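Peer 1:
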DNA sequence: ATGCATGATTTGATCGTTCAAGTTAGGGAA
DNA sequence: TTCCCTAACTTGAACGATCAAATCATGCAT
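Protein chains in written order, with our numbering: chain H, 653 to 994; chain F, 653 to 994.
#1: Alpha carbon to alpha carbon, how far is residue 680(H) from residue 770(F)? Give it in angstroms, no decimals.
#2: Let me know the secondary structure DSSP gives residue 879(H) once reduced to three states.
#3: Return the CA-CA distance between residue 657(H) and residue 665(H), expressed in angstroms with no decimal places.
#4: If we call anything under 8 angstroms between Cβ atoms a contact, is residue 981(H) one with residue 750(F)?
#5: With a CB to CB cut of under 8 angstroms and the five nearest residues on each side skipped, what residues in its chain are close to residue 723(F)?
#6: Residues in the same chain with beta-carbon distance under 6 angstroms from residue 923(F), minus the five sequence neighbours each way, listed in chain order, please.
#7: Which residue or residues does DSSP assign as beta-bridge partners of residue 766(F)?
#8: From residue 742(H) to residue 853(F), what distance separates their C-alpha atoms?
#9: Does the Cβ of residue 653(H) have 16 or more other Cβ atoms within 10 Å, making it buried, or fewer, making it exposed?
#10: For residue 992(F), I'd like the list of residues in its chain whose CB is within less than 6 angstroms of its CB, leaving aside the five on either flank, ordered along the chain.
#11: Counting pairs of beta carbons, one from the segment 878-896 of chain F and one from the segment 818-838 of chain F, are three or more of them closer than 8 angstroms?
#12: Just grab the DSSP bridge partners of residue 902(F) for me.
#13: Mapping DSSP to helix, strand and coil, what is residue 947(F)?
#14: Please tell me whether residue 910(H) has its Cβ less than 8 angstroms away from any Cβ of chain F.
#15: Taking residue 832(F) and residue 994(F) to be in contact with their CB atoms under 8 angstroms, please state how far apart those CB atoms are, rounded to whole angstroms.
#16: Looking at the C-beta of residue 734(F), does it have a partner C-beta in chain H at a distance below 8 angstroms?
#17: Counting C-beta neighbours from all protein chains within 10 Å, is the total for residue 907(F) 16 or more, i.e. buried, or is it exposed?
#18: Which of helix, strand or coil does DSSP assign to residue 871(H)?
#19: Using CA atoms only, rank isn't needed, just tell me which of 662(F), 709(F), 962(F) and 678(F) is closest to residue 818(F).
#20: To the nearest whole angstrom, what separates the beta carbons of residue 847(F) and residue 876(F), a pair I think is in contact under 8 angstroms?
#21: Examine chain H for any beta-carbon lying closer than 8 angstroms to the beta-carbon of residue 677(F), and answer yes or no.
#22: With respect to the alpha helix (DSSP H) encompassing residue 687(F), which residues constitute its N-terminal and C-terminal limits?
#23: Using the three-state DSSP reduction, which class does residue 989(F) fall into: helix, strand or coil?
#24: So residue 773(F) contacts chain H; which residues on that side make the cut at Cβ distance below 7 angstroms?
#25: Is there contact between the segment 897-914 of chain F and the segment 932-939 of chain F, where contact requires at least three CB pairs shorter than 8 angstroms?
#26: Taking DSSP as the reference, what is the three-state secondary structure of residue 825(H)?
#27: For a contact meaning CB atoms closer than 7 angstroms, what does residue 721(F) contact in chain H?
#28: What did DSSP end up calling residue 721(F) once you bin it into helix, strand or coil?
#29: Classify residue 978(F): buried if its beta carbon has 16 or more other beta carbons within 10 angstroms, exposed otherwise.
#30: Please say whether residue 820(F) and residue 984(F) have beta carbons closer to each other than 8 angstroms?
#31: Which of the three DSSP states, helix, strand or coil, is assigned to residue 792(H)?
#32: Just to confirm my understanding: we take residue 860(F), look at its own chain, exclude 5 residues before and 5 after, and list those with CB closer than 6 angstroms. What are they?
#33: Out of curiosity, what's the CA-to-CA distance linking residue 909(H) and residue 945(H)?
#34: Going by beta-carbon coordinates alone, are residue 809(H) and residue 964(H) separated by less than 8 angstroms?
#35: For residue 818(F), name the three-state secondary structure that DSSP assigns.
#36: Sorry if obvious, but does the Cβ on residue 668(H) come closer than 7 angstroms to a heavy atom of the ligand ADP?
This is how it looks when you write it as structure tokens:
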């Protein structure tokens, strides 16, 4: 049963040389149409498939793209990576690439992983996720001339030398805020992360912008805290108690939003901690995680499959096509998934 | 900096032959201790790393393990695969392997993917997930002598020729049921999937066993339905209305459990559909998804990291060590995560 | 002193592919 | 006719590692 058909086998069966077979497959224009036809027929018939390892030896190209799989986050968020990876794998297969996984905890561990991978498997490129200020990974790769794209803009460099794809978080929170305004809410708070995280600041900005557009200020309307349910609950309670006129909250994540819901939904169901009697408050989250869907939380959804395919297209364009002149930046719009919570 | 250190470079610098370098790294026992020391020093100094492609050409071993990444399920369940993949990647790296991703929708598409991968990248083995009755994938691989392990037992064959690792679902639902019994519940229902799915039947069996142990029957106490929230809600309502003495429900998944909660939690909070006034009913789910954590649902947790590392150890043992005589089967116990719901 | 087994190292060949250079045949221009 | 040019194809070498077989000491028994 089909044990290793090599290019030589095909050449013999088609009555041509190895190189002609190779050309018929990789550089069709230099082979006479009729010859090419004959070769391709034999390829089909024998079930020939190019051996990547051998090709890689000669060309230096592995057709592998390396991506990190995040350690299991403690829950609600963090499975964003799963959807992204799936999209990446699918698009990659389409373009003749495969995705190679690695794990790493922290920037330094990750650059060490780069080094390992490049030494052994020689992936053609890397896809980085979760970029942040002062990201050491990008400079490491750039310094060695390794191609890569990031999911997440280059926060520290307005015109970075590498390609990136990102989701317009500000547009997302802006849409969420507008939605709440259209529902009649006038005093809309924001629950976010401490300043300095690019993503968090961006999401807060969209909320601020939407309010500013209709002439509303934001003083005293926001809280910053760690990205988890309990802190979110705490911050929401604080915010709502200090400003009794707040009727809606926009949150930087579904985790925070879930915490906010614990406070906002009145009367708190017995099984939710903190059933503090309170006026009903609309809540919007971010990421549209399964949790949001399960509990009816309105949330901003990132087009992860599209982000993934864009990342890959930018990469393969540069890898296969010309060297590519200036880097491309792609900012994709998120969408608002409206549910019962707001 | 550091462009391609080959084994020849190391050999030259250490004053030995290529083969001796290779031996020092792969077959230390045939090299004199002092020579080996010298070679390893040079390896370290030059930063030599073996080139996988070249090694693969000669040995036929790629040190790649292929695993499928599931298409994004519609939500609540289905991100089980994420935790599993992460564990797999981590353990693989430890054993000198890397995980290669592929996608496929359905058994036939998956065997086609096997064929593609084997032709091009030649992974050393496959890890299959979600085994089921009449699984065409296992016979395909076995027929070609490709090594593989499955996460999920071989449902159709009591003594399959291949290794598998699985979680003892019956033990999980049994523990859940016992827990409810210990809380004083006597009439405990079960929400599961239509008979014929190995996993579903297994989980129902654990519940039945626990009740039988204390002399309770199961007649009229269970419902079977599709694995989603709405069907779960519907089935739960039906079950609870027909038997007013049921005070607790064990479910085959968190999706079903969430549906059940919509009915069970009384009075239904306004934001949950189906706030049908009802007595409080305890609910236990299965898989301990983020949703379970978020809403305080007691659930059975699968030790996915352990499953992953076990899968990999079984594989590498067979790949690196001897051919391995008879296949090993591993059934790991799940654990019950108790939360507010039951 | 000779032969032989054993341990340590080296040499040549090979995996399957593509690059670079070489060969052949067929036109067209001089 | 001769020469050159181009299209189409072929040949040899190389990528970097390991396998298999060959070489070279070294020690020990005869």
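Idealized CB from N, CA, C, for every residue including glycine.
No experiment lies behind these values; they were computed from the predicted model shown.
Peer 2: If we stick to the structure as given:
#1: 25 angstroms
#2: coil
#3: 11 angstroms
#4: no
#5: 755 and 757
#6: With a pLDDT of 38 at residue 923(F), under the threshold of 50, the modelled position of that residue is not reliable, and no figure is offered here.
#7: Bridge partners of residue 766(F): none, in fact.
#8: 33 angstroms
#9: Its pLDDT being 41, under 50, residue 653(H) is placed unreliably by the model, and nothing is read from it.
#10: 948
#11: no
#12: 842(F) and 936(F)
#13: helix
#14: yes
#15: 6 angstroms
#16: yes
#17: buried
#18: coil
#19: 962(F)
#20: 7 angstroms
#21: no
#22: 685-698
#23: strand
#24: 704 and 750
#25: yes
#26: helix
#27: 737, 738 and 741
#28: coil
#29: exposed
#30: yes
#31: helix
#32: 870
#33: 12 angstroms
#34: no
#35: strand
#36: Looking for the ligand ADP in the displayed structure turns up nothing, as the structure carries no ligands at all.
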